[in-house]
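Chemist:
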Ligand SMILES: NC(=O)c1ccc[n+]([C@@H]2O[C@H](COP(=O)([O-])OP(=O)(O)OC[C@H]3O[C@@H](n4cnc5c(N)ncnc54)[C@H](O)[C@@H]3O)[C@@H](O)[C@H]2O)c1
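In the working numbering, the protein residues as written are 8 to 373.
1. So if DSSP puts residue 283 in a beta bridge, which residue, or which two residues, is it bridged to?
2. Would you check if there are 3 or more beta carbon pairs closer than 8 Å linking the region 241-249 to the region 87-94?
3. To which residues does DSSP link residue 119 through a beta bridge?
4. Taking residue 247 as the reference, give the member of 356, 337, 137 with the closest Cα.
5. Between which two residues does the alpha helix (DSSP H) harbouring residue 102 extend?
6. Judging by CA-CA distance, which residue of 63, 56, 65, 62 is the nearest neighbour of residue 75?
7. I need the DSSP call for residue 168, collapsed to helix, strand or coil.
8. I need the straight-line Cα distance from residue 374 to residue 18, nearest angstrom please.
9. Please classify residue 298 as buried or exposed, where buried requires at least 16 other C-beta atoms within 10 Å of its C-beta.
10. If you follow the beta strand (DSSP E) that residue 87 is in, where does it begin and where does it stop?
11. Using a Cβ distance threshold of 8 Å, determine whether the region 289-307 contacts the region 77-86, with at least three qualifying pairs required.
12. Starting from residue 70, trace the alpha helix (DSSP H) in both directions and tell me its first and last residue.
13. Determine the extent of the alpha helix (DSSP H) in which residue 158 is found, giving its start and end residues.
14. Please determine, among 59, 78, 77, the residue with the shortest C-alpha to C-alpha distance to residue 69.
15. Indicate the three-state DSSP secondary structure (helix, strand or coil) for residue 325 in the structure shown.
16. So within the region 192-271, which uninterrupted alpha helix (DSSP H) runs reach at least 4 residues, ignoring any that extend past its ends?
17. Expressed to the nearest angstrom, what Euclidean distance is found between the alpha-carbon atoms of residue 209 and residue 216?
18. May I ask you to verify whether the region 169-189 touches the region 143-159, counting CB pairs closer than 8 Å and requiring at least 3?
19. Helix, strand or coil for residue 114, going by three-state DSSP, please let me know.
20. By the three-class DSSP mapping on this structure, what secondary structure does residue 373 have?
This is the structure in structure tokens:
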């Protein structure tokens, strides 16, 4: 980050629109970023990268290590989505997404679940006061650690092995982030709010996951004013539907966090509206919608860009542009409570670019 000639802060932001609907939602997100920067008075340079699946199909090239080194020098990174039907499943996703998460040690995957307007929630009798929690997903270990492989592949004797990796450091730092976040949310929400962190695991069936139980308990001692709770991941899914208001901050493993947040996204209106931050506090971090490339919706101008907009809001908050982040939050809230947006999925009847324009107008206060 540098101060521009005008004294305005200026940020270098890496951008990779990616595959499928990725570039479409990125285009709308960047429109919102541009309008917000003009109104709020900060500058940025976009550094565009080509490493999507089309690039791989044309050149055979995945992200080189030297580029991952370069990403560390940026202020932040924005990703649309990766995943192409003509490429081996997960190949480019692992290169880009895991390249960023593991390469930059982005050990927190932060996923806010916030319902802006009751009509977006499929649950009967639940409104914005009931759906407002945040999931802290450990982001560099667990079942995604890429340790495993096949023996005697494509024979009747084939064996596939995968190792779940849980380190004390990984469990401790994710838990600490969750408790700090609970404390911060309590400060923002006022004295009525009772901060709570819920650990979600499956330590009854997967006994080594009790490293999470012990690391969580040891961190909790430093936060006597934050309540603690625990749910096995299967029960967590049930409670999220039955009583989403019970959750404040959830901390969980990489795999469980990935899965429960797709479910949780439906409580706030769907995959099209859910955003995430891949964070290493104090270092270059990456922000993206939680959805993938949704190939069936690509090129039709029907994907909802609000997840990408939410990712940009999270990025600005992370960069310390809190007024800009609040402006986007208010713009999206105003749009979704205005009665003009029936849903945040591809059947909303509102085009991707039209939805982007609607947010931009509200950011500008038109
Ligand atoms: N971070 C990432 O880039 C990421 C994440 C998940 C999946 N993927 C990849 O994306 C590809 C497709 O995966 P998938 O179909 O399992 O998941 P997906 O998230 O792309 O799509 C699942 C469904 O969610 C809905 N949806 C998603 N985004 C939407 C939006 N912005 N607006 C409206 N509706 C939306 C659509 O109905 C879609 O069919 C795969 O190649 C997968 O590997 C990438």
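Backbone N, C-alpha and C fix where the C-beta goes; we use that ideal spot for every residue, glycine too.
Modeler: According to the data block:
1. Translated into the one-based positions of the chain shown, residue 283 becomes position 276. According to DSSP, residue 283 bridges with 295.
2. Taking 8 Å as the limit for Cβ pairs, the verdict is that the region 87-94 does not touch the region 241-249.
3. By 1-based counting over the chain shown, the position of residue 119 is 112. According to DSSP, residue 119 bridges with 141.
4. Within the chain shown, numbered from 1, the residue matching residue 247 stands at position 240. When each option's Cα is compared against that of residue 247, the closest is 137.
5. To locate residue 102, count along the chain shown from 1; it is residue 95. Residue 102 -> no alpha helix (DSSP H), and no H or E assigned at all.
6. In the chain shown, counting from the first residue as 1, residue 75 sits at position 68. Nearest option by C-alpha distance: 56.
7. Within the chain shown, residue 168 is the residue found at index 161, counting from 1. Strand.
8. Since the first and last residues shown for the chain are 8 and 373, residue 374 lies out of range.
9. Stepping through the chain shown from its first residue, residue 298 is reached at position 291. Per the 10 Å Cβ criterion, buried.
10. The sequence position of residue 87 within the chain shown is 80, counting from 1. First-last of the beta strand (DSSP E) with residue 87: 83-88.
11. yes
12. Taking the chain shown and counting its residues from 1, one reaches residue 70 at position 63. No alpha helix (DSSP H) holds residue 70; DSSP gives it neither H nor E.
13. Translated into the one-based positions of the chain shown, residue 158 becomes position 151. Here residue 158 belongs to no alpha helix (DSSP H); instead the beta strand (DSSP E) covers 155-158.
14. Mapped onto the chain shown, residue 69 falls at position 62. Among 59, 78, 77, the Cα nearest to that of residue 69 is on 59.
15. As a first step, residue 325 must be located in the chain shown, where it is residue number 318. Helix.
16. 217-227, 240-249
17. As a working note, residue 209 is residue 202 in the chain shown. As a working note, residue 216 is residue 209 in the chain shown. Using only the alpha carbons, I get a separation of about 7 Å.
18. yes
19. On the chain shown, residue 114 is found 107 positions in, with the first residue counted as 1. In the structure shown, residue 114 sits in coil (DSSP, three-state: anything other than H, G, I, E or B).
20. One-based indexing of the chain shown puts residue 373 at position 366. Correct three-state label for residue 373: coil.
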